[in-house]
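Protein chains in written order, with this note's numbering: chain A, 354 to 576; chain B, 354 to 576; chain C, 354 to 576; chain D, 354 to 576; chain E, 354 to 576; chain F, 354 to 576; chain G, 354 to 576; chain H, 354 to 576.
The beta carbon of each residue, even a glycine, is placed where N, CA and C say it ideally should be.
Because the structure is a prediction, the values reported are computed rather than measured.
Have a look at the structure below, then the notes.
Number of protein chains: 8
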Amino acid sequence: GYAKIDNHRAIRSGSPEVIYCEGKSLEHIRGIVRHMLDYKEENIMATRAGRDVFEAIRDVTDEAVYYDKARIAVIKRKEIQKIPGGIAVVTAGSADIPVAEEAAVTAEVLGNSVERIYDVGVAGIHRLFARLDQIRKANVIIAVAGMEGALASVLGGLVDKPLIAVPTSVGYGSSFHGLSALLTMLNSCAAGIGVVNIDNGFGAAYLANNINRINRKGYGEHE
Amino acid sequence: GYAKIDNHRAIRSGSPEVIYCEGKSLEHIRGIVRHMLDYKEENIMATRAGRDVFEAIRDVTDEAVYYDKARIAVIKRKEIQKIPGGIAVVTAGSADIPVAEEAAVTAEVLGNSVERIYDVGVAGIHRLFARLDQIRKANVIIAVAGMEGALASVLGGLVDKPLIAVPTSVGYGSSFHGLSALLTMLNSCAAGIGVVNIDNGFGAAYLANNINRINRKGYGEHE
Amino acid sequence: GYAKIDNHRAIRSGSPEVIYCEGKSLEHIRGIVRHMLDYKEENIMATRAGRDVFEAIRDVTDEAVYYDKARIAVIKRKEIQKIPGGIAVVTAGSADIPVAEEAAVTAEVLGNSVERIYDVGVAGIHRLFARLDQIRKANVIIAVAGMEGALASVLGGLVDKPLIAVPTSVGYGSSFHGLSALLTMLNSCAAGIGVVNIDNGFGAAYLANNINRINRKGYGEHE
Amino acid sequence: GYAKIDNHRAIRSGSPEVIYCEGKSLEHIRGIVRHMLDYKEENIMATRAGRDVFEAIRDVTDEAVYYDKARIAVIKRKEIQKIPGGIAVVTAGSADIPVAEEAAVTAEVLGNSVERIYDVGVAGIHRLFARLDQIRKANVIIAVAGMEGALASVLGGLVDKPLIAVPTSVGYGSSFHGLSALLTMLNSCAAGIGVVNIDNGFGAAYLANNINRINRKGYGEHE
Amino acid sequence: GYAKIDNHRAIRSGSPEVIYCEGKSLEHIRGIVRHMLDYKEENIMATRAGRDVFEAIRDVTDEAVYYDKARIAVIKRKEIQKIPGGIAVVTAGSADIPVAEEAAVTAEVLGNSVERIYDVGVAGIHRLFARLDQIRKANVIIAVAGMEGALASVLGGLVDKPLIAVPTSVGYGSSFHGLSALLTMLNSCAAGIGVVNIDNGFGAAYLANNINRINRKGYGEHE
Amino acid sequence: GYAKIDNHRAIRSGSPEVIYCEGKSLEHIRGIVRHMLDYKEENIMATRAGRDVFEAIRDVTDEAVYYDKARIAVIKRKEIQKIPGGIAVVTAGSADIPVAEEAAVTAEVLGNSVERIYDVGVAGIHRLFARLDQIRKANVIIAVAGMEGALASVLGGLVDKPLIAVPTSVGYGSSFHGLSALLTMLNSCAAGIGVVNIDNGFGAAYLANNINRINRKGYGEHE
Amino acid sequence: GYAKIDNHRAIRSGSPEVIYCEGKSLEHIRGIVRHMLDYKEENIMATRAGRDVFEAIRDVTDEAVYYDKARIAVIKRKEIQKIPGGIAVVTAGSADIPVAEEAAVTAEVLGNSVERIYDVGVAGIHRLFARLDQIRKANVIIAVAGMEGALASVLGGLVDKPLIAVPTSVGYGSSFHGLSALLTMLNSCAAGIGVVNIDNGFGAAYLANNINRINRKGYGEHE
Amino acid sequence: GYAKIDNHRAIRSGSPEVIYCEGKSLEHIRGIVRHMLDYKEENIMATRAGRDVFEAIRDVTDEAVYYDKARIAVIKRKEIQKIPGGIAVVTAGSADIPVAEEAAVTAEVLGNSVERIYDVGVAGIHRLFARLDQIRKANVIIAVAGMEGALASVLGGLVDKPLIAVPTSVGYGSSFHGLSALLTMLNSCAAGIGVVNIDNGFGAAYLANNINRINRKGYGEHE
Ligand SMILES: Nc1ncnc2c1ncn2[C@@H]1O[C@H](COP(=O)(O)O)[C@@H](O)[C@H]1O
Ligand SMILES: Nc1ncnc2c1ncn2[C@@H]1O[C@H](COP(=O)(O)O)[C@@H](O)[C@H]1O
Ligand SMILES: Nc1ncnc2c1ncn2[C@@H]1O[C@H](COP(=O)(O)O)[C@@H](O)[C@H]1O
Ligand SMILES: Nc1ncnc2c1ncn2[C@@H]1O[C@H](COP(=O)(O)O)[C@@H](O)[C@H]1O
Ligand SMILES: [Mg+2]
Ligand SMILES: [Mg+2]
Ligand SMILES: [Mg+2]
Ligand SMILES: [Mg+2]
Ligand SMILES: [Mg+2]
Ligand SMILES: [Mg+2]
Ligand SMILES: [Mg+2]
Ligand SMILES: [Mg+2]
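Printed below as a string of structure tokens:
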């Protein structure tokens with residue numbers, strides 16, 4: 354009774370098989386991994402994976418590597434082909450780093466090079482300015498912020514690259530578990546910001562990868 | 354059957370009589386004004402007053418002056434004693450100006466000098482920086498912003514003066530009539546921000562005046 | 354007392370001057386347009402512009418053209434340089450067309466070529482499939498849907514191009530003025546979707562343009 | 354002090370006695386079961402029953418059988434009379450299976466035959482199409498989905514059978530514990546969908562059974 | 354630029370062409386009707402149609418009939434084949450009647466016979482009991498209620514037929530435009546209730562029709 | 354650092370000292386009880402008191418009695434003077450009993466006689482009717498219900514006594530922790546219902562006692 | 354097709370026939386009134402009645418009297434029997450008076466004597482204290498307040514009579530049309546407050562009347 | 354990989370380095386403290402610090418002092434310069450004390466003298482009046498209240514000093530974790546109240562300190 358494994362995406366785009374581990378039993382995850390090892394040849398990536406999940410995967414294969422801040426386990430079976438042009442992952446606070454790492458590691462597994470620019474929130478805006486040149490060099494920018502999420506608005510006014518905003522559940526009280534940051538990002542007076550779900554680092558990286566790949570020879574399904 | 358007029362505040366603090374006109378009939382407002390002219394000697398200020406309200410007040414007295422952007426009518430009967438130290442009223446967009454003017458005119462009627470710094474929202478942050486020295490000279494800062502309201506957070510990191518944030522109902526869709534800006538301001542990662550109700554320029558000015566007056570000889574009830 | 358005109362963006366990216374007309378008086382808009390004509394040389398675009406706004410702009414200049422479904426007025430002063438690679442604008446219903454047109458016209462004014470694929474919502478999924486090849490040819494896809502907004506999820510599973518989802522306020526009852534579609538899009542089980550504010554066709558096009566321009570010679574600020 | 358047992362429904366419709374176990378003490382549940390065994394002759398079904406509840410019931414009777422994915426315990430005392438015409442239970446993801454199983458087992462206990470079609474969510478719509486013929490053979494369809502819940506809309510456009518949608522609390526962030534899926538389902542542009550409470554597999558099956566039984570000789574209260 | 358007309362449903366199920374008129378221009382509606390008259394042979398039904406819409410349709414064809422309480426216009430071109438077994442439409446108050454009529458007329462146009470049982474809300478429960486026998490004779494029951502929507506719960510405990518609940522926006526204050534009734538209906542302690550969107554009489558009838566048609570010879574697509 | 358004990362109410366109305374224990378440390382509670390025993394002569398009642406709280410109180414005095422379903426501890430030091438006229442406490446389900454017991458025990462401690470009529474929710478309305486005569490004999494009725502809370506509406510149409518409705522947090526999914534029942538009760542189409550906070554059995558009893566006492570010789574402060 | 358007139362309540366309790374006019378056509382209202390005049394002998398009361406409704410009723414009978422602040426029309430056909438013990442209706446602001454008048458006039462029509470104590474909100478608490486003796490003389494107190502609704506909490510701590518709180522929709526911004534006052538009243542730390550729907554003056558009076566009548570010889574159904 | 358330490362604020366305003374400990378690992382906190390001790394000379398303050406956090410800090414330095422009610426650890430390295438003029442911290446209930454202590458200790462660490470006036474909520478308003486003279490002597494007042502939060506409104510009408518309101522998450526049911534108190538405070542009919550986030554004692558104190566410091570010689574950055 355395992356989930357039917359989603360194999361068409363890998364065929365179409367060369368991206369890895371992805372297992373979303375939240376709420377799946379260790380046994381279930383071991384089964385999915387075994388099945389993927391037997392029937393696919395793609396890289397495998399398990400997100401929302403605690404250390405216990407990683408160890409369960411290690412029961413199945415020695416090849417798995419664990420990214421603990423990102424809570425991602427990766428089974429690398431093919432060389433990941435690098436895409437030119439980087440992705441900048443920027444966070445407002447240090448509490449936003451786990452979500453940022455989910456984005457950064459996902460982007461790397463998908464073949465992108467990533468710049469991490471962390472803890473440069475707008476309450477101390479000189480820190481953001483100090484890193485602006487580095488941010489502007491990227492092809493795509495992922496802004497990760499909780500609480501009031503103003504980082505995305507400020508960045509949106511400073512760059513003309515595609516900007517993906519990830520609200521995080523960091524905060525308390527009227528942050529309402531990320532709702533405050535989410536609304537801020539959706540209502541940004543700086544145009545050109547695409548927002549993903551609260552804490553969804555994976556989705557942000559997936560979109561950034563899709564952006565970074567358009568019309569580049571040697572990548573994706575259309576080459 | 355008119356509202357009992359709130360006369361104790363004037364006695365205590367030298368502030369004007371205030372009439373909140375939203376939802377009051379013109380006849381009712383004329384009656385309140387007449388009563389105040391007969392029994393009080395304070396200045397009178399009518400807020401949320403459309404031009405029709407102003408004209409109704411003009412039926413009662415020639416002395417009334419109208420501030421149309423602020424939607425405030427003022428009947429000046431005593432010289433307003435100026436307090437040293439100014440209040441900066443800053444807005445993100447030009448659509449926030451009516452709320453800012455409610456704050457600015459109220460603050461002036463209460464005896465404060467006001468600097469207006471409008472349309473310096475964070476989507477074009479160079480405009481804010483260009484005015485920063487002027488803002489920093491003020492004793493109290495009122496930040497007025499709708500949409501995502503990020504102006505307050507950014508200002509909060511740049512100044513160490515008391516900062517009062519006024520979310521406005523400017524925006525659409527998921528701004529939810531000011532809720533987005535309100536949550537942003539309450540969750541600001543910059544500490545030291547006091548938030549008032551959506552569109553409440555009057556309340557912001559009232560608080561700013563209270564702040565500006567503490568322990569200043571010659572003002573307020575304790576002198 | 355006009356808004357300070359945001360001129361730095363034009364300098365940086367060659368994009369037109371944009372006036373958001375919602376809630377601005379005709380007089381105010383005429384003033385902004387006059388100022389732009391005098392001091393800038395960029396194309397000018399007025400969004401959320403009713404026919405009355407268009408006529409006010411015509412008082413100032415004969416050059417203005419009106420896109421009534423999009424509610425956009427454009428004053429073209431320079432040739433718009435076309436970017437290779439198109440943007441597909443897809444809608445679920447016919448009631449979503451005004452938002453889609455805001456996106457489509459904006460994208461065109463910014464130099465993109467646009468494919469319109471309207472009224473292909475998931476309740477009659479054969480209509481969507483009939484247009485899939487056309488959609489897949491685009492570089493970036495904008496999915497516009499109200500009510501339950503499921504179009505974005507379905508499209509997200511069928512394409513590997515960057516997908517921008519625009520929830521609309523089309524619907525009634527528990528659609529809560531676009532909230533239902535917004536939540537659907539944010540929670541899509543198809544990864545790689547960036548969401549903008551309810552009814553924000555302009556923002557979607559702006560982001561799509563930023564995506565379409567990265568690293569293309571002859572466009573944007575970095576060339 | 355036990356709950357008065359609801360016996361009139363069994364008399365009317367031949368359906369089993371149902372105990373909703375959430376929040377009831379094991380002692381309380383044992384008491385209810387004992388009372389039912391003594392005074393009724395119907396089948397007994399305990400929902401939202403963890404393994405501990407099942408074991409408590411086993412203390413009272415050996416006849417109890419446990420369906421662990423469904424979290425249902427059943428005490429079968431009469432043969433269940435089968436109704437012609439099946440119910441298809443369809444899920445978007447594998448995380449929705451517990452809710453689907455609550456529906457499927459309930460429907461079976463009520464005498465229906467059930468087809469399970471799991472993990473065919475719209476992000477990989479080919480999987481749904483592969484099972485469509487099987488789904489269309491059913492008399493009633495139950496669509497179970499969390500996150501954005503788009504499965505119900507897509508199915509609604511593909512079948513003309515009564516469709517019952519069950520939003521699940523699967524998801525995170527702005528799924529708001531099932532609210533996103535609930536709103537999607539209520540606002541579906543495909544007509545003919547009846548929605549039940551979040552995670553309410555039992556209620557969906559109960560309604561499906563009522564639908565499946567109308568005017569069929571040999572079942573229900575009217576024969 | 355008209356909406357592509359959804360013709361596959363008519364082919365599959367013999368149901369009429371439906372035009373949802375909310376937010377469509379009279380010109381647009383006339384165009385859709387003309388197109389349907391030219392290319393289809395089904396009955397046509399326009400919902401959410403004010404008298405002005407009806408008159409616009411009359412410009413195109415004399416055959417249109419108007420149901421003003423239901424706000425539905427019908428162009429009958431074929432005899433509607435009656436299905437055995439009726440649908441009871443029950444309302445709590447008289448203010449719920451327009452929504453009930455949308456359901457009742459839709460059900461009739463789809464070939465069902467309808468019993469109307471109006472203004473029998475639970476605040477005067479003797480009125481409901483007086484009509485219970487009549488309600489129980491129906492195959493499917495549609496319960497329409499605003500304010501607190503308790504009618505559905507009470508009915509749910511009294512009948513074992515499929516029950517479709519339609520919350521209405523009737524009420525004020527904390528009814529929050531139908532949210533209160535919607536939540537009541539979703540949380541009913543009586544099992545077997547399928548809920549549709551606030552004020553969605555059309556959808557309720559559509560579902561009721563689908564229920565009423567399963568496995569009946571001579572109707573629908575499978576005969 | 355203990356809370357100042359609220360002694361004026363006891364002086365005014367003969368009601369007991371009340372300690373709300375939620376979130377107070379055992380040490381804090383022991384201190385409050387000791388202080389009350391030393392300086393007051395009233396009965397003492399501790400609400401929201403788990404068994405550990407009760408045992409902490411027993412460390413201070415042997416006189417304490419524990420009502421475990423109600424989670425109330427009482428230290429009786431004076432005879433409670435009975436008021437003529439009873440209070441009926443009615444619940445929809447058995448899961449609502451803890452809240453009902455908080456109400457019932459509080460009402461008794463305040464001197465009222467209480468009829469408990471439990472598990473008579475509207476999904477099986479014959480059970481409610483079977484107890485109606487008993488309910489109608491009371492002076493005041495407290496209706497306690499979670500999920501959709503329809504009990505209050507139905508009762509409101511059947512009695513003309515003051516009716517106090519207590520929504521409970523019983524339910525799941527879209528019951529939103531009692532919000533559904535709360536809205537139902539506030540929007541009841543039966544007039545004459547006063548609603549208290551979710552799960553607030555104490556407050557309902559306190560109000561019922563105030564109602565039961567008006568103008569009765571020998572009770573309350575005004576005699 | 355008029356609403357079935359609810360006549361059993363009048364028989365049981367001597368209370369007037371009530372017509373809720375919101376959303377009913379003038380023709381419908383005239384019909385209801387005519388029917389009541391023909392078949393009943395009770396007093397008739399029309400609430401939420403604008404002056405146009407009153408005039409429509411005057412078309413039917415000359416006896417109707419209009420209370421314009423309360424928006425209530427009354428047709429008096431029997432002498433209203435006075436109950437001993439008064440009801441105090443207290444408001445925070447003057448904008449709350451229409452809701453208060455709906456309560457006051459309803460209470461009077463039901464036979465109670467009413468004290469009106471208006472515009473004594475807690476922002477000027479000396480005004481409330483000045484009226485406290487008068488308030489305390491009442492049997493039941495109705496507190497009517499918008500904005501933050503704190504009046505109910507303060508009153509609740511000062512009186513031990515049954516207190517009915519009516520939140521009003523007076524306010525703006527984050528008052529969310531009465532939600533703020535509603536939540537305040539439900540969460541009052543003063544026990545013994547029953548809350549009714551936003552702006553529901555009628556319901557408050559109806560409950561107050563029920564309270565005032567218990568066990569009084571010569572009134573109600575049980576005498 | 355530690356957070357970049359925010360050192361510019363200390364330089365500007367003489368305020369301590371602040372570490373917000375919620376969600377940071379003990380190891381991370383130890384690292385931040387060590388870095389601050391090595392590179393800064395300011396006082397250090399750790400908020401939202403449980404006893405385990407305090408002990409982790411003690412591993413690094415013996416100088417740390419712990420305020421357990423406030424959950425704050427302080428490392429004092431310079432004498433704190435006292436500002437003339439005190440801050441009154443007032444709470445409604447005793448459950449609000451932890452938030453109040455966070456405010457009080459923060460204010461003291463920032464150099465202010467603090468008056469604590471606890472458990473004087475409006476349900477027993479005589480207790481508030483008994484302390485009013487003491488409250489009025491302060492320069493700034495911080496009002497801390499959960500449940501319905503009415504304390505701020507009442508205080509706002511009694512004082513003309515800047516008033517900062519802190520809603521707390523104290524309460525249950527429809528207090529919605531502080532939302533009720535938050536809305537009350539934002540909608541206060543007493544003008545001049547600045548609101549901070551739910552439970553944000555730190556932010557209130559920070560603002561109070563900024564207010565207390567304006568234009569005082571010998572403090573802050575501008576002297
Ligand atoms: N962290 C994440 N957040 C949201 N979606 C994810 C995440 N990780 C994986 N997914 C999505 O979940 C799918 C796999 O889900 P499943 O089949 O349940 O393992 C992938 O194809 C991704 O689209
Ligand atoms: N624009 C405003 N927003 C909020 N409160 C206001 C405003 N203008 C006046 N007020 C308050 O309303 C009070 C007067 O209300 P009223 O007695 O109804 O005229 C004043 O004392 C102010 O505290
Ligand atoms: N009153 C209604 N409420 C909800 N959906 C409706 C209503 N009337 C028609 N519909 C749906 O709207 C579709 C037609 O939409 P359109 O193509 O925009 O005219 C029909 O196929 C129905 O599924
Ligand atoms: N279960 C309860 N729910 C709500 N309020 C309560 C409850 N029990 C006691 N109270 C109130 O809490 C007050 C005591 O609070 P405290 O001084 O914090 O112990 C009493 O005077 C009651 O008004
Ligand atoms: Mg930091
Ligand atoms: Mg601007
Ligand atoms: Mg269509
Ligand atoms: Mg899957
Ligand atoms: Mg009626
Ligand atoms: Mg039961
Ligand atoms: Mg007033
Ligand atoms: Mg207390």
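Within 7 Å of the C-beta of Ile372 of chain F there is at least one heavy atom belonging to ligand 4. At a cut-off of 8 Å between C-beta atoms, Tyr420 of chain H does not count as an interface residue with respect to chain F. In terms of Cα proximity to Asp513 of chain F, the closest of G:Arg566, G:Ile436 and G:Ala417 is G:Arg566. Any Cβ of chain C closer than 8 Å to the Cβ of Asn540 of chain D would place that residue at the interface, and such an atom is present.
For Gly547 of chain E, the neighbours in chain D by C-beta distance under 7 Å run, in chain order, Ile517, Gly547, Val548, Val549 and Leu560.
Inclusion of Leu508 of chain H and Ile495 of chain H in the CB contact set at 8 Å is not warranted, their separation being larger than that value. The alpha-carbon separation between Ile382 of chain H and Ser447 of chain F amounts to approximately 48 Å. Listed in chain order, the positions of the stretch 473 to 484 of chain G with a beta carbon within less than 7 Å of a beta carbon of chain H are Gly474, Val475, Ala476, Gly477 and Ile478.
Per DSSP, reduced to three states, the secondary structure at Glu370 of chain G is strand. Ranked by how close their Cα comes to the Cα of Ala409 of chain B, the residues B:Tyr392, B:Lys431 and B:Gly384 have B:Gly384 in first place. Remark: the shortest separation between the CB of Asn465 of chain A and any heavy atom of ligand 4 does not fall under 7 Å. Tyr419 of chain E carries a strand assignment under DSSP once its states are collapsed to helix, strand and coil. Excluding its 5 nearest sequence neighbours in each direction, Ala445 of chain D has C-beta neighbours in its own chain below 6 Å: Gly474, Ala498 and Leu504, listed in chain order. Annotation: the continuous alpha helix (DSSP H) that includes Pro451 of chain B extends over Ile450 to Val462.
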